[in-house]
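For reference, the structure discussed in these notes is given below.
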Amino acid sequence: MPPGPLAPEQRGSERPAWTLLTNHGHVLLAVAESQDARVADIAARVGITPRATLAILKDLEDAAYLTRRRVGRRSHYTVDAHQHFRHPATAAHEVGELLAIFADPSRP
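And the structure:
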């Protein structure tokens with residue numbers, strides 16, 4: 544029988560071969576948690592390069608999952624929680640439903 548999933552404290556620096564959520568999903572969750580996060584911070588959290596993070600942010604903006612506004616030299620992102628999922632099997636659901644699952648209950 545293969546071993547079960549490892550608890551966070553048991554994991555090394557190895558990344559699994561695949562994850563249930565895509566990098567796009569992880570970036571969206573990171574932006575929803577902190578709209579003022581820097582690209583480098585999002586990249587570190589997701590475990591991808593800043594360049595890949597920028598490409599994903601552009602994809603999400605182009606698909607209207609988030610909007611970007613410039614404040615000085617920084618970009619601030621806002622997630623549209625009412626946007627529907629793209630895949631036909633989940634298109635009846637809004638992104639906000641996913642965000643609610645992963646929301647930090649200690650945050651207002």
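Using our numbering, count along the sequence shown one by one with no gaps and you end on 651. For each residue, glycine too, the CB sits at the ideal point set by N, CA and C.
Asked                                                                                   : Found
Rounded C-alpha distance that separates R558 from D584                                  : 18 Å
Where R616 falls: helix, strand or coil (DSSP)                                          : coil
Neighbour-count burial assignment, L563, 16 or more Cβ in a 10 Å radius                 : exposed
Same chain, Cβ closer than 8 Å to L572, five either side skipped, listed in chain order : L564, L641, L642 and F645
Integer Cβ distance of L603 from H567, believed to fall under 8 Å                       : 7 Å
E557 - containing alpha helix (DSSP H), residue span                                    : Careful: E557 lies outside any alpha helix (DSSP H) and carries neither H nor E.
For R611, the nearest candidate out of A634, H569, A586 and A575 (CA to CA)             : A575
Simplified DSSP assignment, three categories, for R588                                  : helix
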